[in-house]
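Numbering of the sequence shown is given in my numbering, commencing with residue 84 and proceeding in unit increments.
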Amino acid sequence: MKSRRVFKAYEIKEYKEMISILSTISADTFQEIKQEDMTILHHAAFDGDIEAVGMMTTLPYFKDIVNTNNNNVKQTILLISQSLQSGWTPLLWASSQKNVSMVKFLHENGAELLQPKKDGFTSLHVASSGNDVHTLDYVIKKKETNSIDLVNQDGWTPAHLASFLGNFDALNLLIENGSDLSRKHFHNMNCFDEIVRNDNKDLFECVYTLTKNMKRNLKLAGAFSIVHLASGNTGSKCLKFLLEQGESANQICNEFDKATPLHFAVLCNNYDNAKLLLRHNASPNQKDSAGNTPMHFAVMAQNLSMVRMLDEYNADAQIKNLEEICPIDIAISQDLRDIKLHFMAQTKYRSFDFQGVN
84 MKSRRVFKAY EIKEYKEMIS ILSTISADTF QEIKQEDMTI LHHAAFDGDI EAVGMMTTLP
144 YFKDIVNTNN NNVKQTILLI SQSLQSGWTP LLWASSQKNV SMVKFLHENG AELLQPKKDG
204 FTSLHVASSG NDVHTLDYVI KKKETNSIDL VNQDGWTPAH LASFLGNFDA LNLLIENGSD
264 LSRKHFHNMN CFDEIVRNDN KDLFECVYTL TKNMKRNLKL AGAFSIVHLA SGNTGSKCLK
324 FLLEQGESAN QICNEFDKAT PLHFAVLCNN YDNAKLLLRH NASPNQKDSA GNTPMHFAVM
384 AQNLSMVRML DEYNADAQIK NLEEICPIDI AISQDLRDIK LHFMAQTKYR SFDFQGVN
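Following this line, the structure appears as structure tokens:
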């Protein structure tokens with residue numbers, strides 16, 4: 084009954100009646116009064132209703148719950164920082180609405196500025212995701228953390244999110260305040276990688292000079308260059324930009340995997356990227372650690388157009404891998420008729436023994 088009365092009073096902006104009801108209950112009861120799994124405070128913060136929130140700060144139990152102490156450790160089991168099941172606090176809801184005035188008001192009245200959701204998202208993450216530079220600037224200037232590179236449960240920093248979403252303004256503000264774009268999240272990608280993964284050339288151009296401070300560790304298994312990543316993309320804009328800046332089209336992933344960007348493009352069946360790499364002097368005959376050339380993968384993928392293009396750029400389909408198998412062998416053993424006929428029509432393979440090939 085009280086729950087309906089409280090929310091009805093809030094909806095019609097009868098705040099005095101709302102407060103008169105809330106003043107008769109305890110903090111625990113307050114937290115049980117919900118609509119859509121949100122307390123009245125969450126709703127007011129989400130709606131940007133500073134008047135309603137301001138009235139709630141007059142509740143007799145408000146301040147006591149905001150900053151309680153347990154063994155001299157500041158606790159965040161707070162009314163104003165009370166989270167929903169997923170961990171959303173009123174301040175985070177305000178952040179999600181890009182309402183810096185509400186964020187500021189809540190913080191000034193005791194809300195924890197950087198209390199995370201259960202997935203580790205803080206107001207920094209939320210503001211960066213929404214490209215909300217006003218809230219982001221406010222949170223940063225309060226200096227409640229030694230590093231703005233706070234991570235969520237997947238290791239994502241606010242800068243990772245801004246990069247992934249293409250939020251230039253937020254990313255620029257984070258950079259100005261010392262964010263480390265080279266830091267990798269738990270999926271082993273840094274901010275530059277996230278920008279390239281989305282083929283956001285305009286944003287990548289703005290941060291490209293910062294990549295010069297990074298040194299590749301070729302002794303790290305599983306590592307690959309940003310050119311490899313761009314080559315395996317569906318788009319070509321970032322790859323074109325990188326190659327125009329003089330990035331090598333023939334660099335290897337690492338000492339354990341010597342695949343080149345061309346291997347990546349062919350493996351992803353990206354004809355345009357493969358052609359772009361070849362035009363920038365990518366070697367069509369460079370081997371990976373298993374001895375496979377890009378042509379091996381083009382044939383295995385049954386990609387005749389890729390095979391033809393590689394041949395146009397002087398690929399050699401007779402090169403054998405560590406298992407002594409060449410691309411022509413694959414075409415024959417798998418009975419890839421169109422590719423076999425293509426090889427047979429090439430003068431450069433005239434000496435190959437196609438005996439028995441139909």
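Note that the Cβ used here is the ideal one computed from N, Cα and C, for glycine as well.
Please read these numbers as outputs of a predicted model, since none were measured by experiment.
Anyone know if the C-beta pair for residue i and residue j falls short of 8 Å?
i	j	result
ASP394	GLN429	yes
ALA304	PHE339	yes
VAL290	LEU248	no
ILE231	LEU254	no
SER319	ASP355	yes
PRO367	ALA398	yes
GLY203	GLN180	no
CYS321	ASP282	yes
Please report the straight-line C-alpha distance between residue i and residue j, rounded to a whole angstrom.
i	j	result
GLN114	LEU142	13 Å
LEU105	VAL186	23 Å
GLY131	ILE95	15 Å
GLY238	ASN260	19 Å
GLN385	LYS358	17 Å
ARG87	MET138	18 Å
SER184	TYR93	20 Å
LEU326	ILE309	11 Å
SER372	LEU257	39 Å
PHE437	SER246	52 Å
HIS125	LYS99	18 Å
PHE287	ASP215	20 Å
MET427	ILE413	14 Å
ASN375	LEU361	17 Å
ALA135	HIS268	39 Å
VAL222	MET392	53 Å
LYS298	SER212	28 Å
THR107	ILE116	13 Å
VAL89	MET101	5 Å
GLN158	ASP220	Because GLN158 sits at a pLDDT of 40, beneath the cut-off of 50, its placement in the model cannot be relied upon, and the point is left open.
ASP421	THR343	27 Å
ASP285	ASN300	27 Å
SER103	GLU97	10 Å
THR140	GLU195	15 Å
LYS226	HIS363	47 Å
LEU197	VAL279	29 Å
Nearest CA to the CA of residue i: which residue from the options?
i	options	result
ILE408	HIS379, TYR396, ASN386 and PHE435	HIS379
LYS341	LYS423, LYS298, LYS302 and SER103	LYS302
HIS346	LEU322, GLY315 and LEU286	GLY315
LYS423	MET383, TYR396 and LEU244	MET383
LEU244	ASN273, PHE129 and CYS351	ASN273
THR122	LYS85, THR343, GLU97 and GLU100	LYS85
ARG433	ARG420, ILE411, ASP421 and LEU360	ILE411
VAL349	ASN364, VAL390 and GLU406	VAL390
ASN337	HIS311, GLY170, ALA365 and SER212	HIS311
LYS295	SER262, ASN364, GLU330 and PHE307	GLU330
THR317	ASN352, THR343, ASP285 and LYS298	ASN352
PHE145	GLY193, GLU227 and ASP282	GLY193
ALA128	THR218, SER178, ASP252 and ARG420	SER178
ARG266	PRO377, HIS217, LEU293 and ILE415	LEU293
ILE335	PRO241, LYS323 and ALA306	ALA306
Check for me: the alpha helix (DSSP H) holding residue i runs from which residue to which?
i	result
GLU119	Unbroken run through GLU119: none, as it is neither H nor E.
GLY137	133-139
MET392	387-395
PHE247	241-248
PHE251	251-259
SER178	173-179
CYS289	284-290
VAL279	274-280
Assuming the contact rule is C-beta atoms closer than 8 Å, residue i and residue j should be a hit. Round their C-beta distance to whole Å, please.
i	j	result
LEU175	HIS190	No, LEU175 and HIS190 are not in contact; Cβ-Cβ is about 12 Å, not under 8 Å.
Would you say residue i touches the ligand ATP, meaning its beta carbon is less than 7 Å from a heavy atom?
i	result
PHE347	Among the ligands in the structure shown, none appear at all, so the ligand ATP cannot be discussed.
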